[in-house]
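Visitor:
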Amino acid sequence: AAKAAGGHVVVYSAGLDEQAEAAERLGADLRHSLEDGDFHVVYQPIVRLSDTRTVAFEALVRWNHPVRGFVSPVAFIPVAEDNGLIVELGEWVMRTACHQLAAWRRDLGPAAPGYISVNVSARQLSEPGFAPVVTGILAENGLEPRSLLVEVTETAIFGGGVAIEAVEALHEAGVLIALDDFGTGHSSLGLLRTVPVDVLKVDKSFVDEISESPGRAVIVDALIHVSNGLGLRAVAEGVETAEQAAYLRSLGYQYGQGYYFGKPVPTPGFTDDQPSIVSG
Ligand code: C2E
Ligand code: CA
Ligand code: CA
Ligand code: CA
455 AAKAAGGHVV VYSAGLDEQA EAAERLGADL RHSLEDGDFH VVYQPIVRLS DTRTVAFEAL
515 VRWNHPVRGF VSPVAFIPVA EDNGLIVELG EWVMRTACHQ LAAWRRDLGP AAPGYISVNV
575 SARQLSEPGF APVVTGILAE NGLEPRSLLV EVTETAIFGG GVAIEAVEAL HEAGVLIALD
635 DFGTGHSSLG LLRTVPVDVL KVDKSFVDEI SESPGRAVIV DALIHVSNGL GLRAVAEGVE
695 TAEQAAYLRS LGYQYGQGYY FGKPVPTPGF TDDQPSIVSG
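Position 257 (the sequence shown) corresponds to 711 in the UniProt record's numbering; numbering is contiguous.
1. With R670 as the anchor, note down where its alpha helix (DSSP H) starts and where it stops.
2. Given a threshold of 16 other Cβ atoms within 10 Å of its Cβ, counted over all protein chains shown, does G491 qualify as buried or as exposed?
3. Check the DSSP bridge columns for T508 and list the partner residues they point to.
4. So, using beta-carbon positions, are R600 and V653 closer together than 8 angstroms?
5. Per DSSP, what kind of secondary structure is D657 in: helix, strand or coil?
6. Jot down the residue ranges of each uninterrupted alpha helix (DSSP H) in the segment 538-614, minimum 4 residues, whole runs only, in chain order.
7. Given a cut-off of 8 angstroms, decide if A700 and G710 are closer than it, judged by their beta-carbon atoms.
8. Suppose the cutoff is 7 angstroms on Cβ atoms and the five residues either side in sequence are ignored; what does the same chain contact list for R502 look like?
9. Should L602 be labelled buried (16 or more other beta-carbon atoms within 10 Å of its own) or exposed?
10. Please identify the residue among D662, G683, V689, A671 whose C-alpha is closest to the C-alpha of I631.
11. Using the Cβ count rule (16 or more neighbours within 10 Å means buried), how would you classify Y569?
12. Is the separation between the beta-carbon of V541 and that of Q578 shorter than 8 angstroms?
13. Taking P718 and H494 to be in contact with their CB atoms under 8 angstroms, please state how far apart those CB atoms are, rounded to whole angstroms.
14. DSSP has A690 in a bridge; who is on the other side?
15. For F530, name the three-state secondary structure that DSSP assigns.
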């Protein structure tokens with residue numbers, strides 16, 4: 455179909471219209487599910503490679519759609535970013551994860567994981583007052599700022615300005631900062647100089663190369679040097695095999711995450727204890 459818009463002829467493909475409608479429907483469903491409590495959080499271990507001890511957990515959101523069942527965050531996070539719901543949803547994930555860590559501390563004492571890792575989108579970072587909301591959630595749960603690692607992508611902060619200021623404010627407050635999916639975004643190693651970073655999360659695609667052609671996984675090798683040279687901690691993402699784990703260790707990686715060590719799981723015993731999404 456072609457429509458005249460301001461003197462220009464704009465050609466719409468039916469496929470795109472349908473996609474836009476589907477996204478709109480999904481966005482409306484997200485809103486309802488936020489009210490109805492159809493989201494939960496699962497936790498994936500981040501382990502020390504030398505002894506596979508769990509040092510932290512990454513919180514990952516899950517949506518149980520009332521009709522469609524499980525919907526991947528890869529499908530709904532971009533929609534929530536577009537319609538702004540990610541601000542509310544992301545804050546709920548942050549609150550839930552911090553609440554969970556506090557519960558682990560109470561129940562497990564020194565055996566509890568050292569920190570919890572939470573993904574934060576560009577939209578959240580550019581929301582005014584984001585850093586105080588985060589430090590408020592930490593305080594509510596009696597957690598010191600170093601109990602939280604905020605995962606941001608290169609793309610989220612590449613736009614600069616407000617997002618970088620939010621990262622700086624969090625870092626200033628003592629919250630740990632990770633660059634997620636490192637190497638896949640608008641990569642500029644210069645970003646590591648302009649943004650305070652504690653952890654590099656080396657993307658799964660580079661870890662996969664180890665299995666494709668062992669000994670030629672040049673990027674994971676290069677990135678551990680970058681990380682060590684800058685005094686950062688590196689976490690290799692998406693480790694699926696013993697071979698990959700051993701190879702990463704031989705390169706000097708200290709931390710890894712992936713199905714080989716553990717899939718994301720809801721925490722048995724604590725799932726009823728999550729704060730309501732409509733509270734507050
Ligand atoms: P991510 O932050 O890079 O998270 C890692 C993703 O890889 C997760 O997918 C995890 O389940 C998956 N994964 C971990 N280990 C392995 C492995 O060994 N093999 C494979 N094939 N996959 C592995 P998930 O949970 O589907 O999340 C996808 C993406 O959605 C995340 O990628 C993140 O970008 C986004 N996301 C998830 N939860 C949140 C959230 O609470 N807030 C925001 N803003 N984004 C989120
Ligand atoms: Ca992440
Ligand atoms: Ca990642
Ligand atoms: Ca990813």
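Every residue gets a Cβ at the ideal spot worked out from N, C-alpha and C, and that includes glycine.
The structure displayed is predicted, hence computed values, not measured ones.
Guide: The answer reads as follows:
1. R670: not part of any alpha helix (DSSP H); DSSP gives it neither H nor E.
2. When all chains shown are included, G491 counts as exposed.
3. In the DSSP secondary-structure assignment, T508 is bridged to V501.
4. No, Cβ-Cβ distance for R600 and V653 is not below 8 angstroms.
5. Coil.
6. Complete alpha helix (DSSP H) runs here, min 4: 540-562, 576-579, 584-594, 608-612.
7. With respect to A700, G710 sits apart: the two C-beta atoms are not nearer than 8 angstroms.
8. Residues of the same chain with a CB within less than 7 angstroms of the CB of R502, apart from the 5 flanking positions on each side, are V509, Q708, Y709 in chain order.
9. Taking all protein chains in view, the Cβ of L602 is crowded by 16 or more other Cβ atoms within 10 Å, so the residue is classified as buried.
10. The shortest C-alpha separation from I631 is found at V689.
11. By the 10 Å Cβ count, Y569 comes out buried.
12. The answer is yes: Cβ separation under 8 angstroms.
13. The Cβ separation is near 11 angstroms, so there is no contact.
14. A690 pairs with V656, G710.
15. In the three-state DSSP reduction, F530 falls in the helix class (H, G or I).
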